[in-house]
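Take the position in the sequence shown, starting the count at 1, then add 575; the result is the number in my numbering.
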Amino acid sequence: MKNKLLLIFFILLAGYAFSYWEWTPKTGKWINPKYAVKDTPKEQFEWAEQLNKQGNVSQAIREYEKLLKYYPESEYAAPSCFALGELYKSIGDNKKAFDYYQKIVDRYPSSPLLLETIKRQSDIANEELKKSSGWLFFKERKVEKGKMLATVIENHPYAEDAYKQAIKLGKFYLDNKQYQKAKDVFSDIIMKYPDPSVLEEAQFYLIKTEFLSIPKVSTDIKQYGEVKKRIDTFLALYKDSTYRDEVVKIKNKILESEAKRYFEIASYYERAGKLNSAKYYYRIVAENYPETSYGKDASKKLRSNN
Numbered sequence: 576m577k578n579k580l581l582l583i584f585f586i587l588l589a590g591y592a593f594s595y596w597e598w599t600p601k602t603g604k605w606i607n608p609k610y611a612v613k614d615t616p617k618e619q620f621e622w623a624e625q626l627n628k629q630g631n632v633s634q635a636i637r638e639y640e641k642l643l644k645y646y647p648e649s650e651y652a653a654p655s656c657f658a659l660g661e662l663y664k665s666i667g668d669n670k671k672a673f674d675y676y677q678k679i680v681d682r683y684p685s686s687p688l689l690l691e692t693i694k695r696q697s698d699i700a701n702e703e704l705k706k707s708s709g710w711l712f713f714k715e716r717k718v719e720k721g722k723m724l725a726t727v728i729e730n731h732p733y734a735e736d737a738y739k740q741a742i743k744l745g746k747f748y749l750d751n752k753q754y755q756k757a758k759d760v761f762s763d764i765i766m767k768y769p770d771p772s773v774l775e776e777a778q779f780y781l782i783k784t785e786f787l788s789i790p791k792v793s794t795d796i797k798q799y800g801e802v803k804k805r806i807d808t809f810l811a812l813y814k815d816s817t818y819r820d821e822v823v824k825i826k827n828k829i830l831e832s833e834a835k836r837y838f839e840i841a842s843y844y845e846r847a848g849k850l851n852s853a854k855y856y857y858r859i860v861a862e863n864y865p866e867t868s869y870g871k872d873a874s875k876k877l878r879s880n881n
């Protein structure tokens, strides 16, 4: 009895398995219609398009992908990539949509769909930047979002709005404390785009990035040197800049931080009883940073010790 049951089970299993396979005299092979490809790329593309128009998204995706697998060099490959990008975008998978658009850029750069493809990528990248990420994948999502916009800029560096996209990318890195990447982006803008208004904005954000990248607990005054030079150059070049007030605020914060460090050294010598050394550093603070709170306190110290 047991053997009979096993035999029936295997017969049913075999029937189930072979029910998906068909014999084709043309090829002399058994094929599974689910995985079979049409005889020509044109037929395969038309079949995928038909499924797409019928709203059969999952099957249309499978057929477009099949075309890319079997006919990657055909004239229908780029349109299939584009269609896959559109389909994945429609179901909310921006990452896959972006990647299929990128295949057109990488593999089919002569396609007439290229510029529209990059526009679609730009739309996705900007849409992703506006999204908030869940805490669990926050770091990874931030990296991916930045990569998307960076790829768009790389794909079309001379687009009319390329510098705007680059500024947006730099600000994204800045907001997410990826300071080195932000510096690289703003420095690249300064090198590539001669337009005065673009330079002004990029210079401002580079100053802001360099300032914020210095740890608040840093005791190395030299780190502020390059930022101060950049600030002085900015204030000299852009006297009527809309960013002027903010740049001045950054400079004042730097002066306050430098003054604080010298004041702390002076206080240390004062507590140690080395009054001449203390006076030397209090004088540095009073003379070089007179408008800071520490400069005013240092002046009081010097007057009280005379």
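A virtual CB, placed ideally from N, CA and C, is assigned to each residue, including glycine.
- In terms of CA proximity to asparagine 730, Asp674 leads the group Tyr651, Pro865, Asp674.
- In the DSSP annotation of this structure, serine 816 is not part of any alpha helix (DSSP H), being labelled neither H nor E.
- Residues of the same chain with a CB within less than 7 Å of the CB of tyrosine 813, apart from the 5 flanking positions on each side, are Glu775, Arg819 in chain order.
- A direct Cα-Cα distance of roughly 16 Å separates isoleucine 742 from glutamate 702.
- Burial state of isoleucine 666 is exposed, judged by a 10 Å Cβ sphere holding fewer than 16 other Cβ atoms.
- Here tyrosine 683 is buried. Its C-beta has 16 or more other C-beta atoms within 10 Å.
- Separation of proline 616 and leucine 659 (C-alpha to C-alpha, rounded to the nearest whole angstrom) is 16 Å.
- Counting only the Cα atoms, tyrosine 864 lies some 7 Å from leucine 830.
- Annotated as proximal: glycine 870 and valine 860, with beta-carbon spacing under 8 Å.
- Distance from the Cα of glutamine 619 is smallest, within the candidate group Gly630, Asp763, Tyr645, Glu862, for Tyr645.
- Around leucine 690, the same chain offers no residue with a beta carbon nearer than 6 Å, after the five sequence neighbours per side are excluded.
- Around the CB of asparagine 627, 16 or more other CB atoms lie within 10 Å, so the residue is classed as buried.
- For tyrosine 738 against valine 792, the beta-carbon gap comes to about 35 Å, at or over 8 Å, which does not count as contact.
- Under the criterion of beta carbons closer than 8 Å, leucine 877 and arginine 858 qualify as touching, at roughly 6 Å.
- Sequence-distant partners of lysine 671 (beyond 5 residues in either direction) whose C-beta falls short of 7 Å from its own C-beta, in its chain, are Tyr663.
- Residue Leu749 holds the alpha-carbon nearest to the alpha-carbon of glycine 721 among Tyr733, Ala734, Leu749.
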